[in-house]
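A short worksheet on the structure shown next.
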Amino acid sequence: MRSFFALLRLEARDSLFSLAAAAAVSAALLGAIHAWFPMRAEPALVGVAILMTAWAAYFAADSFATDCSSGRMGTKACLPVAATTLWAAKIAFLAAAVAALAAWTVGAELALQAIVGSPGSREEFADKLPDMLVGLPLLAVVVAAAVLSSMLVDGALVATLLTALAVAAIGGAAIPIGRALELGGFTWHIDQKLACAAVLAALLVGCSAVVFVAGQRRMGSGIVRVKLALVLALAMVAIGGIAGGSVIYWRFSASLSDPRMRFLGATASGDGRWIALEAYRDLSGNDDPPMGVWAVDVESGEDRSIALIGQRMVDRYAFTSLTWNDAHPLRVIRCKLLDPRQQAEILTVHACGAQLRLESISEGRSWPTRVVGDWADISTRHSKGQRETTVRWKDRGLELRFCGAGIESAPGRGFLPGPVPGRILAVESGRVVLHDMQDGSTRTVFEGGVRSLHPSPDGSAVLVRADQASVALSSADGALLHEKWSGRQNVHWVDSSVPARVVEVSPVGVILSETVVLDLDTGREFEIERDHGHGLLHRLGNRGYVFVERGGDVVWVDLEGKLVKVLVDR
Amino acid sequence: MNEFAVQARGLRVRFGRKRVLEGLDLDVPSGSVTALVGPNGAGKSTLLRVLVGALVPDGGRANVLGLNPAREGPRVRARAGYVPDRFEVPRWMRGRDWLRFLARFYPSWSRDEEQRLLGLLQLDPAGKIDDLSKGARAKLALVAALAHRPQLLLLDEPFSGLDVSAREAIATAIFGHLGEEASTVLLVSHSISDVERLADRITVLECGRIVRAGDVESVARSAGGGIDLQSALRAPSSSIQPEKVA
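Top line first, the protein sequences correspond to chains A and B. The numbering of the first sequence is this note's numbering, which starts it at 1 and goes up by one. The numbering of the second sequence is this note's numbering, which starts it at 1 and goes up by one.
Right, here's the structure in full:
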């Protein structure tokens, strides 16, 4: 122990200037943060976290690299102590230095808060400080990577740069590893992630001990260093590669029957034989999961992947289904497998009886709409945060402008050129008015805190969302299609690729609830037990409806609500 | 006491593809002063580092003072004094700081011996090591190696680049040490004159192997050079160049 403490004292004396400089810089930077962001605790917290990480990384990177480059490691190797003692003294000093600098940084910040902070900011800083402890395992990974880097290169600066690369590589490998494990069925919690980080840090520190004890006598050998770096890099690449490969494999192997599948939108073919489903695998912590498109033959129950990553092309203004028939094939935007944000191609899907025919198209990429009448031509101009939308009656040359930064100028939500030429329903000052461009008249058709319009999939009706109620109006003349629904009821259009005005009505805020499906044209209604965690509820031509029931199965019911078939058994 | 302070059999060390020691066998009798000579890159410094356990060989085995330096390096270094060819310490350190630091590692460290050696070498320990001349640094390294009264002294080029007075002082210190302690000395040097003056045995290394070993006289004769060591060491394909001593 005498030797250990002698080495520890030497390390401390060696780093005295650096420690003093770090302490001074910390205090100065925190003072600057207070000057720039007075009376706020959060910038100071971020500053403390960054300073602690930076100092920990620097001192860790400096721990071995400087001694190796200066030749002092060779001198220390001649002392009558074991290599483990040399290593342990450096690591112990590093831990002590990081702890001391952390204490100093936090202390300096508390002092600054006491002197120049606003009332309450010191308490806020102190309250939030324990939350920073969550980041300790991540800090440990940075420090451990820096220690290992410090053994591979000469000089603290180069070691710091290598540390940055190593941490980036670890982060880069961690993402596909985490994703692969999640896809494989392992659900991550934050505690488990932090535990993994701590284990990784311990492994890296252990690795540094082995490398030092076994090889520090030869750290001067470039070949030994290159070999070590190559082994570590290859290990990282191999682990990341395997994990990345697993992610791609899982994407390829996605199946509709996977219980973790979430079903979103759908489009049914005109004859109701086929339904194209959008679905994604719901994984924890995966905020932006890639979505795929499958087509299901409702008669045979067989499904077929259209795009592993992609989505249907939907209505430009209402995001509801477009028509899918012989004249208008379904269009699917297929994305690149390795880069889900990049479009690879647009597919047209032709339904021919029991067969599907897919074609890739390079033109005709216009974004069509069903909800806006054919007679209207809509153009939008943005200027100084304002939007000016002009509706032009193609045959007459008449125009009507809607201006504003909110929904009042948004086609589909703020106004809707309906199926009757020249007639436009619009939200104005909390009312719904009907403009008739033919004679220039304006008539109020509904009032009472109107917030927005929601066109039916075929555009022949709108749901009007008001403060206390929802109503359905005809977009042809503004006529009331159904009595008001109260504010405690969620009312949505049931998506359909054929002309239909069907709504679903369910209690607000209940995921598993009984839902009423109501056909506004026929007055026919029935109840279904639908899982609202899935967006899927779609009219299947004249064959009925498809939705996800409480048990998770995708089912097909007829127009009376009676079960016809389980399409996807999960 | 063992017959040999140092023995090595089949020592092999490689740095990448370069073979530095290639099956080296060595016997250093206890109480002898053995000079290790040979051209640059012959493996002399590497051999000393192996013997103090600062470098683990790729093959072969060494026995130093009855210990295996590959496994018992700290114990070997505690009983041996080693003056490396390169001696780097932190810039802030003064001579006395270094000696005080070292004293904590050697139970047998003698302050009296330290003071005696400092006086003998006329070395002021108050100066920063970074500011010391090469000769003064060599003297300090020798004090550090001798103050704990080692049983084996391993000197790697202790006279390299030194002026005559420093050379004389260091040689005097080594002689003094030999006079007081039953010690063995293994000396690496390019200076033939110092080898002739200090050593009673010579081992010649070439390309990681010992090509000649024995007492000074027999090594000189083996090369057909009579007892002229300079001629004898020039005889093989050695690049050793005798230094001129003013």
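Note that CB positions come from ideal geometry on N, CA and C, so glycine has one too.
Practice item. Give a yes or no on whether 9 Å exceeds the smallest Cβ distance from B:A78 to chain A. Key: The C-beta of B:A78 comes closer than 9 Å to at least one C-beta of chain A.
Check your understanding: Is there at least one non-hydrogen atom of the ligand PLP closer than 8 Å to the beta-carbon of A:T389?
Key -> Ligands are entirely absent from the displayed structure, and the ligand PLP is therefore not among its contents.
Review point. Hey, out of A:S18, A:S3, A:R570 and A:K565, whose CA is closest to A:S300's CA?
Key: The residue with the shortest Cα to Cα distance from A:S300 is A:K565.
Review point. Residues in its own chain within less than 8 Å of A:V510 by CB, not counting five upstream and five downstream?
Key: Answer for A:V510: H532, listed in chain order.
**Study point:** Reduced DSSP secondary structure (H/G/I, E/B, other) of B:N2
**Key:** DSSP places B:N2 in coil when its eight states are reduced to three.
Point to revise | Residues near A:R357 in its chain [Cβ-Cβ closer than 7 Å; skip 5 each side] | key: Counting only Cβ-Cβ distances below 7 Å, and skipping sequence neighbours, we find H350.
Exercise for review: Assuming A:V445 and A:V433 form a contact by the criterion Cβ under 8 Å, report the distance between their Cβ atoms to the nearest whole angstrom.
Suggested key: With a contact defined as Cβ atoms closer than 8 Å, A:V445 and A:V433 qualify at about 7 Å.
Review point. Within 10 angstroms of its Cβ, does A:D297 collect 16 or more other Cβ (buried), or is it exposed?
Key: Buried, by the Cβ-count rule.
Practice item. Pull up the CB-CB distance for A:W577 and A:W375, whole angstroms please, since I reckon it's below 8 Å. Key: Absent from the structure is residue 577 of chain A, since the part of chain A shown begins at 1 and ends at 570.
Exercise for review: List the residues of chain A that B:R104 touches, going by C-beta distances under 7 Å, in chain order.
Suggested key: Neighbours of B:R104 on chain A, chain order: R2, S3 and A6.
Check your understanding: If you measure beta-carbon to beta-carbon, which residues of the region 180-213 of chain A are closer than 7 Å to chain B?
Key -> Residues: none.
**Study point:** Beta-carbon proximity list for A:A97, same chain, < 7 Å, skipping 5 on both sides
**Key:** If we look at A:A97 and ignore the five residues flanking it on each side, its Cβ neighbours are S15, L19 and F59.
Exercise for review: Please compile the residues from chain A whose C-beta is within a distance smaller than 7 Å of the C-beta of B:F87.
Suggested key: For the C-beta of B:F87, the chain A residues within less than 7 Å are, from N- to C-terminus, T75.
Exercise for review: Counting only the same chain and skipping the five closest in sequence on each side, list residues whose C-beta sits under 6 Å from that of A:D67.
Suggested key: If we look at A:D67 and ignore the five residues flanking it on each side, its Cβ neighbours are M73.
Point to revise | Distance, B:D156 Cα to B:E173 Cα | key: Sequence check: residue 173 of chain B is Ala here, not Glu. Whole-angstrom Cα-Cα distance: 15 Å.
Check your understanding: Just checking my contact of A:L463 with A:L416 at CB under 8 Å: how many whole Å lie between their CB atoms?
Key -> Going by Cβ atoms, the distance from A:L463 to A:L416 rounds to 11 Å, so no, they are not a contact pair.
Review point. From B:A199, B:V185, B:H190 and B:E196, pick the residue whose C-alpha is nearest to that of B:R79; which is it?
Key: It is B:V185.
Check your understanding: Thinking C-alpha only, which one of A:V548, A:K193, A:R387 and A:V134 is nearest A:A405?
Key -> For A:A405, the nearest C-alpha among the options comes from A:R387.
Exercise for review: List the residues of chain A that B:W109 touches, going by C-beta distances under 9 Å, in chain order.
Suggested key: For B:W109, there are no neighbours in chain A by C-beta distance under 9 Å, as the nearest C-beta there is about 11 Å away.
Check your understanding: chain A beta carbons: is any one of them nearer than 9 Å to that of B:R137?
Key -> No, its Cβ sits nowhere closer than 9 Å to a Cβ of chain A.
Practice item. May I have the straight-line CA-CA distance separating A:T75 from B:E88, to the nearest angstrom? Key: Whole-angstrom Cα-Cα distance: 6 Å.
Check your understanding: Nearest-angstrom Cα distance between A:T515 and A:V391?
Key -> Computed Cα separation, rounded: 37 Å.
**Study point:** Residues near B:V28 in its chain [Cβ-Cβ closer than 7 Å; skip 5 each side]
**Key:** Hits under 7 Å: F4, A5, V6, T34, T184 and L186.
Practice item. Tell me, please, whether the CB atom of B:A54 is closer than 9 Å to any CB atom in chain A? Key: Answer yes: the Cβ-Cβ gap between B:A54 and chain A drops below 9 Å somewhere.
Practice item. Run the CB neighbour count on A:T369, radius 10 Å, all protein chains shown included, and call it buried at 16 or more, exposed below. Key: Counting other Cβ atoms within 10 Å of its Cβ, A:T369 reaches 16 or more and is therefore classed as buried.
Check your understanding: Using the beta-carbon count (16 or more within 10 Å), is A:T380 buried or exposed?
Key -> It is exposed - the Cβ of A:T380 has fewer than 16 other Cβ atoms within 10 Å.
Check your understanding: From which residue to which residue does the alpha helix (DSSP H) around A:P137 run?
Key -> Per DSSP, A:P137 belongs to the alpha helix (DSSP H) from L136 to L152.
**Study point:** Strand pairing of A:D495, partner residues [DSSP]
**Key:** Answer by DSSP bridge pairing, in chain order: A:H538.
Review point. B:V291 to B:W92, Cα distance in whole Å?
Key: Only positions 1 to 246 of chain B appear in the structure, and residue 291 of chain B is not among them; the question remains open.
Practice item. Anything in chain B within Cβ reach of A:C78, meaning under 8 Å, just list it in chain order. Key: Against chain B, a Cβ distance below 8 Å from A:C78 picks out V52, A54, R77, Y82 and P84.
Check your understanding: Quick one, which of A:T84, A:V332 and A:R413 has its alpha-carbon nearest A:V213's?
Key -> Nearest option by C-alpha distance: A:T84.
**Study point:** Where A:G220 falls: helix, strand or coil (DSSP)
**Key:** Because the pLDDT at A:G220 is just 48, under 50, the model does not fix this residue reliably, and the value given afterwards should be weighed accordingly. In the structure shown, the three-state DSSP call for A:G220 is coil.
Point to revise | Spatial distance of A:A49 from A:L138 (CA atoms) | key: Taking the straight line from one Cα to the other gives about 11 Å.
Review point. Are there 16 or more other CB atoms within 10 angstroms of the CB of A:E42, so buried, or fewer, so exposed?
Key: Burial call: exposed.
Review point. So what does DSSP say about B:W98, is it helix, strand or coil?
Key: Residue state for B:W98 is assigned as helix, using DSSP reduced to three classes.
Point to revise | Three-state class that DSSP yields for B:L123 in the structure shown | key: If DSSP states are grouped into helix, strand and coil, B:L123 belongs with coil.
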